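Per the working numbering, the very first residue in the sequence shown carries number 435; after that it's consecutive.
For every residue, glycine included, the Cβ atom is placed at its ideal position computed from N, Cα and C.
Note that the structure is a prediction, hence the values are computed from the model and not measured.
Accompanying notes for the structure given below.
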Amino acid sequence: MTLSPLPTRPPEAIAAAAKQSSSPTRHRRPRPGFLREQISGWGMIAPAAVLLLLFVFLPAILGFGLAFTNARLISPRPVEFVGTDNFARLFTDPTFWRALLNVTYFAVVVVPVQSALALAMALLINKKFRGVNFFRTIYFLPVVTSMVVVSLLWMFMYRREGLINQLLSTFSFGLIQGADWLNDPATAMPAIIALSIWQAAGFHMIIWLAGLQSISGELYEAAQLDGASRWHQFRYVTWPGLKHTRSLVLVTITIQALGLFDQVSVMTQGGPLDSTTTIIYEAVRSGFKQQETSYASAISLVFFVLVLLVSAVQRYLTREKD
435 MTLSPLPTRP
445 PEAIAAAAKQ
455 SSSPTRHRRP
465 RPGFLREQIS
475 GWGMIAPAAV
485 LLLLFVFLPA
495 ILGFGLAFTN
505 ARLISPRPVE
515 FVGTDNFARL
525 FTDPTFWRAL
535 LNVTYFAVVV
545 VPVQSALALA
555 MALLINKKFR
565 GVNFFRTIYF
575 LPVVTSMVVV
585 SLLWMFMYRR
595 EGLINQLLST
605 FSFGLIQGAD
615 WLNDPATAMP
625 AIIALSIWQA
635 AGFHMIIWLA
645 GLQSISGELY
655 EAAQLDGASR
665 WHQFRYVTWP
675 GLKHTRSLVL
685 VTITIQALGL
695 FDQVSVMTQG
705 GPLDSTTTII
715 YEAVRSGFKQ
725 QETSYASAIS
735 LVFFVLVLLV
745 SAVQRYLTRE
755 KD
């Protein structure tokens, strides 16, 4: 039996195909309705873009410019350019350095404790058992409650005759009478830290839970077949699988910690003795109560640079290494 040779294309056809492939691609005409879809898309995004421009980008640009002037909230004098005078005053202001120290103390405590608590809660509800949705709702409930309302409730609990001191006295059989939590410089910031961790842990629990559910169950089955304990499963399967999630959690908690304001404004107003003053609260107090908008803009600009630097450092430390 004789095999017939494979058919070959003539050289003229090959040359024509090569010439056609090397020729520039013709631009296709847009399909009917493409322009209308583009207009509809821009029309849908326009309201959000306008709001961002008016209430985010434009105020940020104006605040950057005001930081180099002597502008006041209400003043008959004309606005003048003063260069870096506001920043020179800021870096010699002991209140600013105390606010920076307070924010650093708050972040150093809140970031690891809150992230660990949120991870523990996520591990607890990442199981299939009866009533798991109830516990997920209970854990997340403080997040949807206004921080102002939460601060008011905890302010009453922190009073000398409040619920917390009553519980301490009851469980210690009268040996512990409790402190005046918000009026003592030694306990005011720890009291705000406890409130903040309790209120925001549910939000980061959801982020951890999403990361846990993205890990393949086959990895846990293989670990169980190899005889790995629960601790080894967490160490060698869960924790490496949460690499990207923990980077997101650390960045978000840090930014929220540096922007501490609501709790301080409602509960302590920066006191006692500036023990709870923060950078944002100092900027608001300078801009609205003292009407020094230029000085408040300088504080806000320094805060922006600080957050940017901290985020960049965290991003660098948690980057993927080759």
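In this structure, how does DSSP classify residue i when only helix, strand and coil are distinguished?
i, result
"F515", "strand"
"T503", "strand"
"T526", "coil"
"T710", "coil"
"F607", "coil"
"G705", "coil"
"D696", "helix"
"Q725", "coil"
"T571", "helix"
"A746", "helix"
"G612", "coil"
"N560", "coil"
"I689", "helix"
"I649", "coil"
"P510", "coil"
"A620", "coil"
"L676", "coil"
Please confirm whether residue i has its beta-carbon closer than 7 Å to some beta-carbon of chain D.
i, result
"A732", "This model lacks chain D altogether, as it is built from one protein chain only."
Could you check the C-alpha separation between residue i and residue j for me, to the nearest Å?
i, j, result
"A761", "T579", "A question about residue 761 goes unanswered here, because the residues of the chain that appear run from 435 up to 756."
"E652", "L587", "46 Å"
"T701", "S585", "Reading the sequence as shown, one finds Met at residue 701 and not Thr. In a straight line, the C-alpha of M701 is about 6 Å away from that of S585."
"V544", "S630", "8 Å"
"T711", "A533", "5 Å"
"Q725", "A505", "9 Å"
"M623", "R470", "56 Å"
"M589", "G477", "46 Å"
"I572", "V490", "34 Å"
"S648", "S474", "35 Å"
"F691", "N536", "In the sequence on display, residue 691 carries Ala and not Phe. So the two alpha carbons sit approximately 11 Å from each other."
"A483", "L694", "27 Å"
"L601", "V741", "39 Å"
"L492", "V718", "18 Å"
"V583", "L557", "29 Å"
"W665", "I479", "48 Å"
"E655", "T538", "42 Å"
"I689", "K723", "25 Å"
"I627", "L524", "26 Å"
"L751", "F605", "44 Å"
"T518", "M639", "43 Å"
"R511", "V577", "45 Å"
"K562", "F738", "43 Å"
"E488", "V698", "For the sequence presented, residue 488 should be read as Leu rather than Glu. The alpha-carbon atoms of L488 and V698 are separated by roughly 28 Å."
"F540", "P546", "11 Å"
"W531", "Q667", "44 Å"
"W673", "N599", "39 Å"
"I733", "D527", "11 Å"
"R753", "F607", "52 Å"
"A746", "V513", "35 Å"
"S509", "Q748", "42 Å"
"A494", "L485", "13 Å"
Can you give me the Cβ contacts of residue i inside the same chain, cut-off strictly under 7 Å, excluding the 5 residues immediately before and after it?
i, result
"L437", "Its pLDDT being 48, under 50, L437 is placed unreliably by the model, and the measurement read from it follows with that caveat. Excluding sequence neighbours, L437 sits near nothing in its chain."
"S603", "I610, Q611, G612"
"V566", "I559"
"G596", "F590"
"I687", "V544, V545, Q548, S549, H638"
Which residues in the same chain as residue i place their Cβ atom closer than 8 Å to its Cβ, once the five residues preceding and following it in sequence are excluded?
i, result
"Y670", "A657, A662"
"T529", "D708, T711, E716"
"V516", "F502, T503, N504, S728"
"L575", "G636"
Please look up how many angstroms separate the CB atoms of residue i and residue j, rounded, as I've assumed it's under 8 Å.
i, j, result
"Q548", "M581", "So it is not a contact: roughly 15 Å between Cβ atoms."
"T417", "G705", "In the structure as shown, the chain starts at 435 and stops at 756, and residue 417 therefore has no counterpart that could be examined."
"A635", "A552", "5 Å"
"L735", "F498", "6 Å"
"L684", "I641", "Rounded, the Cβ-Cβ distance is 11 Å, inconsistent with contact."
"Q620", "Y592", "Strictly speaking, residue 620 in this sequence is Ala, with Gln absent from that position. 14 Å between Cβ atoms; not a contact."
"R594", "D614", "5 Å"
In chain order, what residues of the same chain have a beta carbon less than 6 Å from the beta carbon of residue i, not counting five sequence neighbours either side?
i, result
"S770", "The structure shown has nothing for residue 770, since the chain only spans 435 to 756."
"R570", "I559"
"I714", "G693, F695"
"S455", "Because S455 sits at a pLDDT of 49, beneath the cut-off of 50, its placement in the model cannot be relied upon, and the point is left open."
"G675", "I649"
"M555", "Y573, M639"
"S720", "E726, Y729, A730"
message = If we require 4 or more residues per run, which alpha helix (DSSP H) segments fall completely within the segment 576-600?
response = Fully contained in the segment 576-600 are the following alpha helix (DSSP H) runs of length 4 or more, in chain order: 581-591.
inquiry  = Which runs of the alpha helix (DSSP H) at least 4 residues long sit entirely within the segment 471-501? Give them in chain order.
reply    = Fully enclosed alpha helix (DSSP H) runs of 4 or longer: 492-500.
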